[in-house]
Amino acid sequence: MKIWIVLALCLVFLPAVLHAQPVVSFTELSYNFGTVGQAEKAEHLFEFVNKGDQELIIEKVSSS
Amino acid sequence: MSVDLAGKKGMITKTAQVVTNDPVHPVVTLTVSMQVKDDLHARPQRAGKIFEADCRTCHVDQGKGKRGLELFMADCFMCHNAGKSPSITQMSRRPEKYLLKAIRDGLDNTTMPGWTTSIGGPLSDAEIDSLVKAIRNPN
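For the record, the sequence lines run as chains R and B. Under the numbering used here, the residues of the first sequence are numbered 172 to 235, in order. Under the numbering used here, the residues of the second sequence are numbered 3 to 141, in order.
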């Protein structure tokens, strides 16, 4: 009987264990500046949070 | 994300890839876009300003000595091509009187200036008449 309870608990917690992971979540993925002049500098801050339950590591940022 | 705009013009998009240890979204692509205009055109302008020194080389002088459709192509087409302002085909449906008045006096609250010399514009009555004819019969 006991063994079944343990197994059942394992089944309940297994997905949670498997899903322990970082989840990157940006508030927005694109931004439109509208019309800007050549002499201006277009700068925008993209914000994100880690919605997961493990440390999120930014490994690389590259732009094109 | 920052974009250096010196020397750029028109529609610009720039993307950045962010690589993380998130197993579901290992690469996130961020995009910024903008319409870059040169400094003369970045801000909305008062209509009559195109007749002033900085502007007339492009907006007035090209049409000097021209008449009719040629004058239209030189002075008017840059604003009246397919897009925001009415095209020559759309304007051809307007009554002659309306066209004459719009060209002579301009239109309030738009970037369309009054072109007649009697209010300080660059075009004579004969030149404006030739434009009205060209607009009414574009072929």
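Note that CB positions come from ideal geometry on N, CA and C, so glycine has one too.
Close beta carbons around residue i, own chain, < 7 Å, minus the five adjacent residues each side
{"i": "Ser126 (chain B)", "result": "Thr119"}
{"i": "Ala213 (chain R)", "result": "Phe204 and Val207"}
{"i": "Gln225 (chain R)", "result": "Ala191, Gln192 and Pro193"}
{"i": "Gly116 (chain B)", "result": "Arg106, Asp107, Gly108 and Gly123"}
{"i": "Thr31 (chain B)", "result": "Thr17 and Gln19"}
{"i": "Pro28 (chain B)", "result": "Val21 and Thr22"}
{"i": "Ser87 (chain B)", "result": "Cys81"}
{"i": "Ser196 (chain R)", "result": "Phe219, Val220 and Lys222"}
Opening and closing residue of the beta strand (DSSP E) in which residue i lies
{"i": "Ser233 (chain R)", "result": "Ile229 to Ser234"}
{"i": "Asp224 (chain R)", "result": "Looking at the DSSP string, Asp224 (chain R) is not in any beta strand (DSSP E), and its letter there is neither H nor E."}
{"i": "Phe53 (chain B)", "result": "Where Phe53 (chain B) is concerned, there is no enclosing beta strand (DSSP E), given that its DSSP letter is neither H nor E."}
{"i": "Ala213 (chain R)", "result": "Lys212 to Glu214"}
{"i": "Phe197 (chain R)", "result": "Val195 to Phe197"}
{"i": "Asp63 (chain B)", "result": "Unbroken run through Asp63 (chain B): none, as it is neither H nor E."}
{"i": "Val26 (chain B)", "result": "Per DSSP, Val26 (chain B) belongs to no beta strand (DSSP E) and is neither H nor E."}
{"i": "Ser120 (chain B)", "result": "Where Ser120 (chain B) is concerned, there is no enclosing beta strand (DSSP E), given that its DSSP letter is neither H nor E."}
{"i": "Ser4 (chain B)", "result": "Ser4 to Asp6"}
For residue i, the nearest candidate out of the options (CA to CA)
{"i": "Lys68 (chain B)", "options": "B:Thr22, B:Leu7, B:Pro124 and B:Asp24", "result": "B:Pro124"}
{"i": "Val38 (chain B)", "options": "B:Lys103, B:Leu7 and B:Thr17", "result": "B:Leu7"}
{"i": "Val207 (chain R)", "options": "B:Arg45, B:Thr33, B:Leu73 and B:Met114", "result": "B:Arg45"}
{"i": "Arg95 (chain B)", "options": "B:Ile121, B:Met80, B:Gly122 and B:Ile137", "result": "B:Ile137"}
{"i": "Lys11 (chain B)", "options": "R:Gln209, R:Ser235 and R:Pro193", "result": "R:Gln209"}
{"i": "Leu133 (chain B)", "options": "B:Gln47, B:Phe79 and B:Pro25", "result": "B:Phe79"}
{"i": "Ser234 (chain R)", "options": "B:Gly85, B:Val5 and B:His61", "result": "B:Val5"}
Span of the alpha helix (DSSP H) around residue i
{"i": "Lys135 (chain B)", "result": "Asp127 to Arg138"}
{"i": "Thr70 (chain B)", "result": "Inspection of the sequence shows that residue 70 (chain B) is occupied by Gly rather than by Thr. Run containing Gly70 (chain B): Gly70 to Asp77, per the alpha helix (DSSP H) assignment."}
{"i": "Thr91 (chain B)", "result": "Ile90 to Met93"}
Contacting residues, own chain, Cβ-Cβ under 6 Å from residue i (five flanking each side not counted)
{"i": "Gln64 (chain B)", "result": "Ala76"}
{"i": "Val34 (chain B)", "result": "Met3 and Lys16"}
{"i": "Thr113 (chain B)", "result": "Ala49"}
Identity of the residues DSSP links to residue i by a beta bridge
{"i": "Gly208 (chain R)", "result": "B:Lys39"}
{"i": "Asn111 (chain B)", "result": "In the DSSP output, where bridge partners are listed per residue, Asn111 (chain B) has none listed."}
{"i": "Ser201 (chain R)", "result": "B:Thr33"}
{"i": "Ala18 (chain B)", "result": "R:Ser234 and B:Leu32"}
Nonlocal neighbours in the same chain, by C-beta distance under 8 Å from residue i, ignoring five residues either side
{"i": "Asp56 (chain B)", "result": "Leu42"}
{"i": "Arg58 (chain B)", "result": "Ile52 and Pro124"}
{"i": "Tyr202 (chain R)", "result": "His215 and Phe217"}
| message | For the region 197 to 216 of chain R, list every residue whose C-beta sits within 9 Å of some C-beta in chain B, in sequence order. | response | Going along the region 197 to 216 of chain R in chain order, one finds Phe197, Glu199, Leu200, Ser201, Tyr202, Asn203, Phe204, Gly205, Thr206, Val207, Gly208, Gln209, Ala210, Glu211, Lys212, Ala213, Glu214, His215 and Leu216 with a Cβ nearer than 9 Å to chain B.
| task | Return the residues of the region 7 to 23 of chain B that lie within a Cβ-Cβ distance of less than 8 Å from chain R, sorted by chain order. | result | Leu7, Ala8, Gly9, Lys10, Lys11, Lys16, Thr17, Ala18, Gln19, Val20, Val21, Thr22 and Asn23
| task | Report the residues of the region 218 to 231 of chain R with a CB closer than 9 Å to any CB of chain B, ordered along the chain. | result | Phe219, Asn221, Gly223, Gln225, Glu226, Leu227, Ile228, Ile229, Glu230 and Lys231
| query | Taking a cut of 8 Å between CB atoms, which residues from the region 108 to 131 of chain B lie near chain A? | reply | In summary, chain A is missing from the structure at hand, where the protein chains are R and B.
| task | With 8 Å as the limit, tell me which residues of the region 23 to 40 of chain B have their beta carbon closer than that to any beta carbon of chain R; keep them in chain order. | result | Asn23, Asp24, Pro25, Val26, His27, Val30, Thr31, Leu32, Thr33, Val34, Ser35, Met36, Gln37, Val38, Lys39 and Asp40
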